[in-house]
Amino acid sequence: MVNVELKNVVKKYGDLIAINNLSFKVNSGELMVLLGPPGAGKSSTLKMVAGIEEVTSGEILIDNESVTNFDPADRDVAMAFETYALYPHLSVFENIAFPLRAPKRSRLFSEEVVKEKVLEVAQFLEIDMLLERKPKELSGGQRQRVALGRCLIRDPKVFLLDEPIAHLDAKLRHRLRRELKKWQQRKGVTTLYTTTDYLEAFSVADRIVILNKGILQQVGSWEEIYNRPANTFVGTIVSDPPMNYFNGKVVVDGGKMLMQVKGTSFYLPSPIEEKVKQMNIGEVVLGVFPSKILMSRDENFIPGSGTIVDGIAKFTELRGSRKIVFVQTPQDLSFTIQLPAETKVQVGEHVRCFFGENEVQVFDKQSKINLFWV
Amino acid sequence: MPAFILTAGILIPFGYSVVMSFTDFNLTSGTSNFIGFGNYIKLAKDPEFWNALKVTILFTIGAVAIEVGIGFVSAYLLNLGMRGQKIWRTLFLLPVMLPPAVAAIMWKLMMAPIQGVFNYLLQLVGLPGSQWLGGSSSALFSVILIDAYVFMPFAGMIFLAGVQNLPKEPYEAAAVDGVSSWFTFRRLTIPLLKPVILIVLLFRIMDCLKQFDIVYAATKGGPASATMTISVQAYYHSFRWTNMGYAFAHLVVLWAIVYVLSYFLVGQWRKAVSEVHGY
Chain A
2 MVNVELKNVV
12 KKYGDLIAIN
22 NLSFKVNSGE
32 LMVLLGPPGA
42 GKSSTLKMVA
52 GIEEVTSGEI
62 LIDNESVTNF
72 DPADRDVAMA
82 FETYALYPHL
92 SVFENIAFPL
102 RAPKRSRLFS
112 EEVVKEKVLE
122 VAQFLEIDML
132 LERKPKELSG
142 GQRQRVALGR
152 CLIRDPKVFL
162 LDEPIAHLDA
172 KLRHRLRREL
182 KKWQQRKGVT
192 TLYTTTDYLE
202 AFSVADRIVI
212 LNKGILQQVG
222 SWEEIYNRPA
232 NTFVGTIVSD
242 PPMNYFNGKV
252 VVDGGKMLMQ
262 VKGTSFYLPS
272 PIEEKVKQMN
282 IGEVVLGVFP
292 SKILMSRDEN
302 FIPGSGTIVD
312 GIAKFTELRG
322 SRKIVFVQTP
332 QDLSFTIQLP
342 AETKVQVGEH
352 VRCFFGENEV
362 QVFDKQSKIN
372 LFWV
Chain B
798 MPAFILTAGI
808 LIPFGYSVVM
818 SFTDFNLTSG
828 TSNFIGFGNY
838 IKLAKDPEFW
848 NALKVTILFT
858 IGAVAIEVGI
868 GFVSAYLLNL
878 GMRGQKIWRT
888 LFLLPVMLPP
898 AVAAIMWKLM
908 MAPIQGVFNY
918 LLQLVGLPGS
928 QWLGGSSSAL
938 FSVILIDAYV
948 FMPFAGMIFL
958 AGVQNLPKEP
968 YEAAAVDGVS
978 SWFTFRRLTI
988 PLLKPVILIV
998 LLFRIMDCLK
1008 QFDIVYAATK
1018 GGPASATMTI
1028 SVQAYYHSFR
1038 WTNMGYAFAH
1048 LVVLWAIVYV
1058 LSYFLVGQWR
1068 KAVSEVHGY
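Residue numbers (my numbering), protein chains in the order written: chain A, 2 to 375; chain B, 798 to 1076.
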């Protein structure tokens, strides 16, 4: 069993800092997803672990051994490239078989075994009917599966999957992310997996590393991240529509701490009150995921401890099994709510929204850091 | 219209040559009678022609082998990103800028058996000198060297462009897959560069088969026809001995050889491009 650890890794391209002091540890057999927007440094991180990109400073450990100065070949990792990196003159079969036919492994695998393994991987990826084709004769999604196949055919210490299913059609993507997870668990290979899609990250990851501009934002399971996003960036990236944010002043009313914005007073969660007092914070950003806001047309709707906000449904949008409702209060406070698709809401209708006290996140206005984590 | 003029400009001299190759056209006597395949039958029986064909083929094999071999290695070295790369590349290109005949005269001086630099250097290290262009056994090798000197940079530069355009990602994938440099070179670089290699072969083979200027400037085909290529021999038949019809027959046979080889190489090139680039 193999773990992977990055210690204070920095990667510079000229003056540009692509990765800034990145440290995290992937436990043995774990599937760790690097989530972030394009340009966050995900691929660079993977390439540094693979040894294709040199580390400017810092250390990379595989199996508790520093591999920072090792050649890629000596790290025993397999990588699926986002850009496919297929060998254009070789057929699909030859591309997938290539790692096994390399001189260092060709003695371990007879041609019979190579054929068997290629077929197994190709069937798994639904490209077994394309084995004789050249990459130029394949669609983007098929090429991506060949690239993935060339990685999965090996039994390395670490799998590095760089957006491995990003270019597949939705149906196949959904099936493969489930199947990939199963494959990884069956093989028990420690895996680093990158994606820009938070849903994909949540569905395959044991834990998630969130990156932005080469800086680590948060590491944790999806529950940890979703329940307590480390900062407003995380709140934005792990939700679609993104988290609702309200900038407001902190006031104390009747012994209870509130945040006031556009005629609405939100109750702050009790643990935050203490921190706001200690740090003498006057303004905060309150954040709440659209999925965490409850809505009712009943005027007596008060489901628990929190803030009631009355508004008008300005418009609605159906997104698959979800309905997104854009609400505006008479004082011009706007936010989005996510509801089950079958919820009946008319545009222009009065709605009562409930912001549960423990569902709201409170961020420092300057640093945008979640005060729960301070 | 311009296309017509261009095509006519190419085809008329060619057609004229073919027609003339079936005549006994002689500049001295002024005769020009149709003699059918007479010139070609004469060619087939002419040991001088067979010698010229052999010399032309040996010259082409030797020169192309050296130009492609050293050109390839040079391209690799020039692509390593060493210090002063721009200066190296400029120096490397200098021979191509020389007119081949000038290069031939320059080398002729350097290869002179008595005052030449080459023999002087050989004697310095205790080796016997050579007759170079003057020796019947060394002359062909010597003109091959001159041709290689002039055209190796051409091959090298095309290879360099090819090497620089190689996609980066498959090499990264191969590195991660733990493939050795030699395996990568054999299984990736050579196949990916195949279209470029074929282009260099096409240009250099065509050019070497038609070789005239370097040989004429260096040896005039001698000594004793040791470097007599088909083009040089055709020149003698036409402008020295005024047998224009017979000279044209030489050139038509040469054209046929160049055409067949080019046709084959272009076909191979198309196939290679399709394999590598997908179009």
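Backbone N, C-alpha and C define an ideal beta-carbon position, used for all residues, glycine too.
Original post:
Secondary structure at G249/A, three-state DSSP: helix, strand or coil?
Top reply: strand
**OP:** Give, in chain order, every unbroken run of the beta strand (DSSP E) that is at least 3 residues long and sits entirely within the stretch 275-336 of chain A.
**Re:** If we require 3 residues or more, the beta strand (DSSP E) runs fully inside the stretch 275-336 of chain A come out as 284-289, 294-297, 307-320, 323-329.
Subject >> Interface positions of the stretch 64-79 of chain A facing chain B (Cβ-Cβ less than 9 Å), listed along the chain >> reply: Answer in chain order: D72, P73, A74, D75, R76, D77, V78, A79.
Original post:
Residues of chain A with CB under 7 Å from D974/B, in chain order?
Top reply: F99, P100, A103
Original post:
For M894/B, is the classification buried or exposed, using 16 other Cβ atoms within 10 angstroms of its Cβ as the cut-off for buried?
Top reply: Under this definition M894/B is an exposed residue.
Original post:
Taking all protein chains shown into account, do 16 or more other C-beta atoms lie within 10 angstroms of the C-beta of T828/B, making it buried, or fewer, making it exposed?
Top reply: exposed
**OP:** At 9 Å on the CB atoms, spell out the chain B contacts of P89/A, in chain order.
**Re:** Residues of chain B passing the Cβ test: P964, P967, P988, L989, E1072, V1073, H1074, G1075.
Original post:
With 16 as the cutoff for other CB atoms within 10 Å, does F248/A come out buried or exposed?
Top reply: Contrary to the premise, residue 248/A reads as Asn rather than Phe in this sequence. Burial call: exposed.
**OP:** Report the rounded CA-to-CA distance for E201/A versus Q347/A, giving the unit in angstroms.
**Re:** In a straight line, the C-alpha of E201/A is about 32 Å away from that of Q347/A.
Original post:
Is the Cβ of I238/A closer than 9 Å to any Cβ of chain B?
Top reply: With a threshold of 9 Å between beta carbons, I238/A makes no contact with chain B.
Subject >> Three CB pairs or more closer than 8 Å across the stretch 151-162 of chain A and the stretch 189-201 of chain A >> reply: yes
**OP:** Can you give me the start and stop residues for the alpha helix (DSSP H) that E113/A sits inside?
**Re:** 112-125
**OP:** Alpha carbon to alpha carbon, how far is V205/A from K263/A? Give it in angstroms, no decimals.
**Re:** K263/A and V205/A: Cα-Cα distance of roughly 40 Å.
Original post:
Which of the three DSSP states, helix, strand or coil, is assigned to F1036/B?
Top reply: Looking at F1036/B - three-state DSSP - the assignment turns out to be helix.
Original post:
In chain order, what residues of the same chain have a beta carbon less than 7 Å from the beta carbon of L87/A, not counting five sequence neighbours either side?
Top reply: N96, P136, R144, V147, A148
**OP:** For the stretch 46-62 of chain A, enumerate the residues whose C-beta is nearer than 7 Å to any C-beta of chain B, in chain order.
**Re:** A51, I53
**OP:** Compute the Euclidean distance between the alpha carbons of L888/B and Q882/B, then round it to the nearest angstrom.
**Re:** 10 Å
Subject >> Counted within 10 angstroms of its Cβ, other Cβ atoms place A19/A as buried (16 or more) or exposed >> reply: buried
Original post:
Helix or strand or just coil, what does DSSP make of H1074/B?
Top reply: Note: H1074/B maps to helix in three-state DSSP.
Original post:
Between the stretch 90-107 of chain A and the stretch 980-992 of chain B, do at least 3 Cβ pairs fall closer than 8 Å?
Top reply: yes
Original post:
Which of helix, strand or coil does DSSP assign to M1041/B?
Top reply: helix
Original post:
So the alpha helix (DSSP H) R102/A belongs to, where does it begin and stop?
Top reply: 93-102
Subject >> Cα-Cα separation between N4/A and I209/A, rounded to whole angstroms >> reply: For N4/A and I209/A, the distance between alpha carbons rounds to 15 Å.
**OP:** Taking F1009/B as the query, report the chain A residues whose CB atoms sit under 8 Å from its CB, ordered along the chain.
**Re:** By Cβ distance, chain A contributes nothing, its closest Cβ being about 38 Å from F1009/B, past 8 Å.
**OP:** Please go through the same chain and pick out, in chain order, the residues whose beta-carbon is closer than 7 Å to the beta-carbon of I955/B, but skip the five residues on each side of it.
**Re:** Result list for I955/B: V993, I996, V997, in chain order.
Original post:
For A86/A, which residues in chain B fall below 7 Å Cβ to Cβ?
Top reply: E966, P967, E969, A970
Subject >> Endpoints, alpha helix (DSSP H) assigned at Q185/A >> reply: 171-188
Original post:
Per DSSP, G221/A forms a beta bridge with which residues?
Top reply: I209/A
Original post:
In this structure, does DSSP put T853/B in helix, strand or coil?
Top reply: helix
**OP:** Evaluate contact between the stretch 209-224 of chain A and the stretch 34-52 of chain A, counting only Cβ atoms and requiring at least three cross-stretch pairs below 8 Å.
**Re:** When C-beta atoms of the stretch 209-224 of chain A are compared with those of the stretch 34-52 of chain A, three or more pairs fall below 8 Å, so the two segments count as touching.
Subject >> Pick from Q332/A, G307/A, P341/A that is closest to R1/A, judged by C-alpha positions >> reply: Nothing about residue 1/A can be reported from this structure: the residues present for chain A run from 2 to 375 only.
**OP:** From the DSSP output, in three-state form, read off Q261/A for me.
**Re:** strand
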